[in-house]
Amino acid sequence: MWMRMCRLRCGRLCRRRGWGKVVGLCVAGFIFGLMALVSFGYYFRHQLFDTFVKCTDKDSRRFIDDFCGLYKQGVITGSLCRPLCETGEVKFDRCTNFHAGKEVHLMNCTNFCRPQQTIPAVLKSSKINATMVLKDHPNVDMGDDITTMLKHQIRQLVVSDLGFLPFDTSDAIRVMWDEGFDQYLSDPVQKNAAYRTIMMLMDQPEYKMVKSLKHSNVVPRIYGTCGPMFLEESCPSGPLDVQLSYFSRTKPFPTSSSSSAQWREKASVAIGLLELLDHFERDFPQPLHLCDVKGSNFGMCVDGVVKMIDMDSVFFNTTMYNIFNLSTCKTHDDCNFFDCRGWCDVATGKCYSIRTNNNLQLVCDDVLTGPLPAVFDAGGLLSAAPASVAKELHAALDECIVQTGVEKGVPVYKPPPAIQRKIIRLLQHSIAHLDSS
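For the sequence shown, the tail end lands on 437 under UniProt numbering, and the numbers increase by one without skipping.
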């Protein structure tokens with residue numbers, strides 16, 4: 001209908017003003033309409049999601065208070081419990097949205113996170129009903145071999161999520177809960193509280209992933225735990241959390257005023273993000289696959305390092321390919337797992353252990369360029385590049401996104417490391433050019 005109206009209106013204008021001008025007006029109108037349509041879709045997607053999962057400070061405080069009550073009853077324990085529930089060193093600030101499957105709250109942390117300082121921190125937990133804790137995790141009669149039993153339980157839970165054990169079984173408790181389990185063994189009540197706390201934490205895939213990677217610098221530091229709750233280093237998304245142009249509820253670049261300062265900040269963050277991908281590829285026994293790539297899943301910590309702040313859809317090779325192998329399919333799209341694209345063997349109706357895109361392609365497509373084609377230069381972290389690098393940068397980003405070849409007759413999107421290095425080099429050049437001008 002709207003296309004028919006457009007043709008009718010253009011036809012009338014043509015008779016009045018001539019074809020040349022009208023064609024230009026119609027093309028411009030079409031492009032503007034397309035941008036507005038995508039903008040509205042992007043905006044309403046966030047607004048509707050916000051409406052359904054919007055948290056309230058009242059509910060968030062109640063969640064924390066309920067678990068503090070369990071701590072005071074001796075049901076749960078952890079190094080975070082006392083500063084959160086008694087001394088007030090860790091205080092609730094506000095809740096956050098867009099976390100339908102878990103609790104995520106912004107906190108102010110005094111002394112506990114960093115001596116003699118008050119810094120922001122993030123409290124996370126799966127959504128657990130405090131009244132069901134003793135039913136789901138009842139007291140058990142623990143023998144002298146509780147430590148050995150717990151180590152093997154942790155091993156099984158880690159392998160079930162990660163696909164393999166990235167540490168020795170003998171170190172399992174220390175790696176997953178470095179708060180001194182042995183100190184709780186002399187008191188049966190405290191022993192049950194510690195065991196219950198560890199089991200509730202081990203039920204959370206994100207916690208297991210973060211603790212398994214804690215010796216790297218790719219995830220936020222965990223300061224302490226209390227029952228299922230764990231307190232993390234604050235790493236705000238800042239300029240990474242860019243929403244599309246017209247209807248953005250937050251300004252894309254909140255920390256800088258001038259355009260050159262804005263670009264310097266964006267370019268520095270983009271370099272940090274691209275370097276983070278190298279760590280995911282090289283630093284662990286198996287590469288990590290990012291299957292939910294968006295700017296808000298990354299953050300810049302106080303040490304200036306870009307880290308992954310949402311690990312819910314991050315998988316090692318073994319788990320990634322197990323996910324593909326367990327799926328049945330009729331088309332290649334049936335094998336996709338969120339942003340990780342799969343490959344369907346139509347003859348057998350099963351997904352094959354091939355991922356047809358890679359982390360770099362996703363970051364270029366979903367974060368650096370954004371939801372619109374590069375020609376619009378809007379919505380992505382690297383939009384509005386300075387003239388000194390704009391043309392080359394757009395070309396490199398396009399090269400990072402497009403099909404790179406064919407595997408088993410299926411198009412693949414796997415830009416090589418050379419493209420990554422090229423983008424980093426262009427960004428470094430742009431910063432140097434701004435500094436010298």
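From the three backbone atoms N, C-alpha and C, an ideal C-beta is built for every residue, glycine too.
Predicted model, so just to flag it, every value in this text is computed and none were measured.
- Between serine 125 and glycine 238, the C-beta gap is not smaller than 9 Å, which leaves the two residues out of contact.
- The residue from Tyr413, Ala387, Ile309 with its alpha-carbon nearest to that of methionine 209 is Ile309.
- In the three-state reduction of the DSSP assignment, cysteine 235 falls in the coil class.
- Only buried fits glutamine 361, as 16 or more other CB atoms lie within 10 angstroms of its CB.
- Contact between valine 75 and leucine 134 is confirmed by a C-beta separation of about 6 Å, below the 8 Å threshold.
- Residue environment: asparagine 129 is assigned as exposed (fewer than 16 neighbouring CB atoms within 10 Å of its CB, all protein chains considered).
- With contacts defined by Cβ atoms closer than 9 Å, isoleucine 424 and isoleucine 271 form a contacting pair.
- Scanning Thr225, Cys364, Ala385 for the CA closest to the CA of leucine 397 turns up Cys364.
- Arginine 196 counts as buried, since at least 16 other C-beta atoms from the protein chains shown sit within 10 angstroms of its C-beta.
- Secondary structure at valine 90: strand, using DSSP grouped into helix, strand and coil.
- Beta-bridge partners of valine 159 (DSSP): none assigned.
- Among the bridge pairs identified by DSSP, asparagine 359 is matched with none.
- The beta carbon of leucine 427 sits closer than 7 Å to the beta carbons of Ala267, Ala270, Ile271 from its chain, once the five residues preceding and following it are set aside; these are given in chain order.
- With a beta-carbon spacing of about 13 Å, methionine 311 and glutamate 233 fall beyond the 8 Å limit used to define contacts.
- When rounded, the separation of the alpha-carbon atoms in histidine 279 and leucine 273 is 10 Å.
- For glycine 349, the closest of Asn358, Thr356, Asn325 by C-alpha to C-alpha distance is Asn325.
- Every beta strand (DSSP E) stretch that sits fully inside the region 101-149 and reaches 3 residues is listed by chain position as 102-110, 118-126.
- In this structure the region 214-227 touches the region 71-89; the number of beta carbon pairs closer than 8 Å is three or more.
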